[in-house]
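K.L.:
After the structure tokens below, expect a handful of questions from me.
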Amino acid sequence: MKSKILLPFLTAGVMFCAFTACSDDSSSPTDSGAVMNPSGNVDDPANPGETPVVPGETPVDPGETPVVPGETPVDPGETPVVPGETPVVPGETPVVPGETPVVPGETPVTPGETPVVSEPYRLTIENTYANNASVEVADFDSYNYYGAELTGKDQFTYGRFEARMKMVSIPGSVSSMFLYYDPSYMLGDEPWNEIDIEVLGVNPGMWQANLITREADVEGGRKNPKKTSETKTGFGFNATEDFHLFAMVWTPEYISWEIDSVEVRRDVLGMTKGQVEFMTKEQSLRFNLWASKSTSWVGKFTGAELADGPVAQWIDYVRVYSYDTATKTFTESWTDNFDGELDASRWSAGNWEMEHVMLKKENLVVEDGYCKLLMTREAK
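Next up, the structure:
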């Protein structure tokens with residue numbers, strides 16, 4: 618049996634993080650037909666929720682759509698029409714030949730940098746990559762690829778959620794821990810609530826924190842879009858080489874993210890498009906390892922890294938704290954050390970498609986005091 622150490626809460630030492638856009642920043646299921654298993658202010662002047670100002674550029678408000686010099690500002694509620702082009706169908710983003718598309722609510726990409734495009738969440742089986750010119754598809758003629766998800770059965774409203782993990786980062790991969798309102802995928806009259814931590818295949822020394830929200834559609838009205846607020850933060854280390862403590866803290870007043878008990882981002886009421894105040898639905902705690910089709914976000918997935926065997930996201934333990942809204946204090950609810958078999962009363966395994974991989978229960982392994990999420994390939 619492994620010995621577990623409870624690390625103290627620290628909220629100091631805010632690291633640098635900058636708002637950036639991504640292609641699919643959500644680690645929740647992509648197959649709509651899949652079965653779902655169901656204080657304060659920031660003292661540091663470097664507000665983790667703001668984008669640092671680059672000399673010669675205009676500061677970008679994370680809650681507003683940046684304006685590209687020489688272009689007409691885009692109203693997020695309207696579909697822009699580029700002169701000389703066929704009007705775009707409502708709900709789609711126009712693409713100007715030779716230019717990187719600017720999506721409302723995203724930060725324009727500086728020439729010479731790798732573009733990261735945020736698109737509608739890939740939930741239904743439809744061509745959602747049409748506007749991403751950099752998407753490449755790997756050759757899957759010889760192999761099938763599989764990932765894994767550890768899906769929590771408990772439902773939470775507020776709390777502190779910790780996991781000591783060693784993550785995966787190969788081109789195309791997403792290694793994650795997240796909170797998710799289970800009916801979000803249904804869209805329509807269901808809202809969306811999600812809080813993410815993701816280590817991406819494009820860089821094992823960086824992680825992405827994100828909030829995803831969506832208001833329920835109004836009958837007879839327009840369909841409401843999702844709101845995201847991504848930031849990417851450098852670890853200062855390779856997240857795949859050793860274990861580190863990842864944490865998300867969710868309260869009515871703020872949502873924060875920590876690495877090794879150091880707070881690296883905090884969003885408070887009024888920030889990030891009102892997402893903190895909208896985050897009120899019960900959510901389940903989940904972990905997954907999968908491969909995205911968007912090369913601009915995570916790199917190109919070919920599966921070549923799996924030739925010598927599977928890669929694994931290791932979870933040493935998961936610890937959950939409840940939150941008392943009256944006293945504004947946290948109390949430990951439970952810890953899972955993964956000693957013995959998987960606790961079926963607390964967890965289940967994902968079994969749906971996640972873009973390049975199919976999640977399967979055989980890739981969720983509990984042994985030697987660890988829970989391992991595997992990514993594998995099998996010859997056809």
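Straight run, no breaks: the sequence shown in the numbering used here ends on number 997.
We put the beta carbon where it would ideally sit given N, CA and C, even for glycine.
Since this is a predicted model, take the numbers as computed values, not measurements.
1) Which two residues bound the contiguous beta strand (DSSP E) that contains S965?
2) Are the segment 908–921 and the segment 848–860 in contact at 8 angstroms, needing three or more beta carbon pairs?
3) Measure how close the beta-carbons of Y797 and Q900 come, nearest whole angstrom, since I'm counting them as under 8 angstroms.
4) Looking at the secondary structure, which residues open and close the alpha helix (DSSP H) in which Q930 lies?
5) With a Cβ-Cβ cutoff of 8 angstroms, do Y938 and G776 count as a contact?
6) Taking Cβ to Cβ, would you say I814 is nearer than 8 angstroms to S793?
7) Which residue comes first and which comes last in the alpha helix (DSSP H) that contains Y915?
8) Y760 to G822, Cα distance in whole Å?
9) Can you list, in chain order, the residues of its chain whose CB lies under 6 angstroms from that of E949, leaving out five sequence neighbours each side?
10) Keeping to the same chain, check which residues put their C-beta closer than 6 angstroms to that of S801; ignore five residues upstream and five downstream.
11) Name the two residues that bound the continuous alpha helix (DSSP H) containing F860.
12) Would you mind reading off the limits of the beta strand (DSSP E) that contains F955?
13) For V881, count neighbouring Cβ atoms within 10 angstroms of its own Cβ and tell me buried if that reaches 16, exposed if not.
14) Check whether the segment 919–928 touches the segment 782–793, counting contact only when three or more Cβ pairs, one atom from each stretch, lie closer than 8 angstroms.
15) Going by the CB atoms, is the gap between A908 and G764 shorter than 8 angstroms?
16) Does T768 come out as helix, strand or coil in the three-state DSSP assignment?
17) Which of the three DSSP states is assigned to Y798 in this structure?
18) Nearer than 7 angstroms: is that true of the beta carbon of T830 relative to any heavy atom of the ligand HEM?
19) What number of angstroms, rounded off, separates the C-alpha of F863 from the C-alpha of F795?
20) Output the distance between the C-alpha atoms of T983 and S911, rounded to the nearest integer angstrom.
21) Are the C-beta of W951 and some C-beta of chain D separated by less than 8 angstroms?
22) Helix, strand or coil: how does DSSP classify T774 here?
23) Nearest by alpha-carbon distance to R963: which of R781, K945, D953, G887 is it?
24) What would DSSP say about A961, mapped onto helix, strand or coil?
25) Return the first residue and the last residue of the alpha helix (DSSP H) that V893 is part of.
26) Can you give me the C-alpha to C-alpha distance between W874 and G957, rounded to a whole angstrom?
27) In this structure, does DSSP put K978 in helix, strand or coil?
28) Just mark Q772 as buried or exposed, buried being the case when its beta carbon has 16 or more other beta carbons within 10 Å.
29) Is the beta carbon of N820 less than 8 angstroms from the beta carbon of S846?
30) Terminal residues of the continuous beta strand (DSSP E) containing Q825?
31) Would you report the Cα separation of R831 and L990, rounded to the nearest angstrom?
32) Within its chain, find whatever has a CB closer than 7 angstroms to the CB of W951; leave out the 5 residues flanking it on each side and keep chain order.
P.N.:
Reading it off the structure:
1) Position 348 of the sequence shown, counted from the start, is the residue given in the question as residue 965. Per DSSP, S965 belongs to the beta strand (DSSP E) from 964–966.
2) Too few Cβ pairs lie closer than 8 angstroms, so no.
3) For the purposes of this step, residue 797 is taken as residue 180 along the sequence shown, with counting starting at 1. For the purposes of this step, residue 900 is taken as residue 283 along the sequence shown, with counting starting at 1. Separation of the CB atoms of Y797 and Q900 is rounded to 6 angstroms, and the pair is thereby assigned contact status at 8 angstroms.
4) Numbered from 1 along the sequence shown, position 313 holds the residue referred to as residue 930. Here Q930 belongs to no alpha helix (DSSP H); instead the beta strand (DSSP E) covers 928–941.
5) The count along the sequence shown starts at 1 and reaches residue 938 at position 321. The count along the sequence shown starts at 1 and reaches residue 776 at position 159. Contact flag set, yes.
6) Reading the sequence shown from its first residue, position 197 is the one you call residue 814. Reading the sequence shown from its first residue, position 176 is the one you call residue 793. Pairing I814 with S793 gives a Cβ-Cβ distance under 8 angstroms.
7) Reading the sequence shown from its first residue, position 298 is the one you call residue 915. According to the sequence as given, residue 915 is Val; it is not Tyr. Where V915 is concerned, the enclosing alpha helix (DSSP H) stretches over 912–915.
8) Taking the sequence shown and counting its residues from 1, one reaches residue 760 at position 143. Taking the sequence shown and counting its residues from 1, one reaches residue 822 at position 205. The alpha-carbon atoms of Y760 and G822 are separated by roughly 29 angstroms.
9) Numbered from 1 along the sequence shown, position 332 holds the residue referred to as residue 949. Excluding positions up to five away in sequence, the list reads Y938.
10) Start at 1 with the first residue of the sequence shown, and residue 801 comes out as number 184. If we look at S801 and ignore the five residues flanking it on each side, its Cβ neighbours are W809.
11) Within the sequence shown, residue 860 is the residue found at index 243, counting from 1. Where F860 is concerned, there is no enclosing alpha helix (DSSP H), given that its DSSP letter is neither H nor E.
12) Counting from one through the sequence shown, the residue named residue 955 turns up at place 338. Neither: F955 is in no beta strand (DSSP E) and is coded neither H nor E.
13) For the purposes of this step, residue 881 is taken as residue 264 along the sequence shown, with counting starting at 1. Classification for V881: buried.
14) Two segments are said to touch when three or more pairs of C-beta atoms, one from each, lie closer than 8 angstroms; by this definition the segment 919–928 touches the segment 782–793.
15) To locate residue 764, count along the sequence shown from 1; it is residue 147. To locate residue 908, count along the sequence shown from 1; it is residue 291. Taking a C-beta distance under 8 angstroms as the contact criterion, G764 and A908 qualify as a contact pair.
16) Here the question's residue 768 lines up with position 151 in the sequence shown. The DSSP-derived three-state label of T768 is strand.
17) As a first step, residue 798 is located in the sequence shown; it is residue number 181 there, counting from the start. Three-state DSSP puts Y798 in coil, outside helix and strand.
18) Among the components modelled here there is no ligand, and therefore nothing to report on the ligand HEM.
19) Translated into positions along the sequence shown, residue 863 becomes position 246. Translated into positions along the sequence shown, residue 795 becomes position 178. Our two residues, F863 and F795, have alpha carbons roughly 11 angstroms apart in a direct line.
20) Numbered from 1 along the sequence shown, position 366 holds the residue referred to as residue 983. Numbered from 1 along the sequence shown, position 294 holds the residue referred to as residue 911. Reading off the sequence shown, one finds Val at residue 983, where the question assumed Thr. In a straight line, the C-alpha of V983 is about 30 angstroms away from that of S911.
21) Considering every chain present, this structure includes no chain D. It has just one protein chain.
22) If you number the sequence shown from 1, residue 774 lands on position 157. T774: coil per DSSP, three-state reduction.
23) The residue labelled residue 963 in the question sits at position 346 within the sequence shown. Residue D953 is the option with its Cα nearest to R963.
24) The residue you call residue 961 lines up with position 344 of the sequence shown. Assignment of A961 by DSSP, reduced to helix, strand and coil, places it in the coil class.
25) Counting from 1 along the sequence shown, the entry for residue 893 is found at position 276. 892–895 is the span of the alpha helix (DSSP H), which, as asked, contains V893.
26) Taking the sequence shown and counting its residues from 1, the one referred to as residue 874 is at position 257. Taking the sequence shown and counting its residues from 1, the one referred to as residue 957 is at position 340. If I take the Cα positions, the gap works out to 30 angstroms.
27) Sequence index remark: in the sequence shown, residue 978 carries index 361 (1-based). DSSP places K978 in the helix class (H, G or I) of the three-state scheme.
28) Looking up residue 772 in the sequence shown gives position 155. With fewer than 16 other CB atoms across the displayed protein chains lying within 10 angstroms of its CB, Q772 is exposed.
29) The count along the sequence shown starts at 1 and reaches residue 820 at position 203. The count along the sequence shown starts at 1 and reaches residue 846 at position 229. A distance of 8 angstroms or more separates the beta carbons of N820 and S846.
30) In the sequence shown, counting from the first residue as 1, residue 825 sits at position 208. For Q825, the enclosing beta strand (DSSP E) starts and ends at 823–831.
31) On the sequence shown, residue 831 is found 214 positions in, with the first residue counted as 1. On the sequence shown, residue 990 is found 373 positions in, with the first residue counted as 1. A direct Cα-to-Cα measurement between R831 and L990 gives close to 29 angstroms.
32) On the sequence shown, position 334 is the one that residue 951 refers to. When the five nearest sequence neighbours on each side are left out, the beta carbons in the same chain lying within less than 7 angstroms of the beta carbon of W951 are those of V937, in order along the chain.
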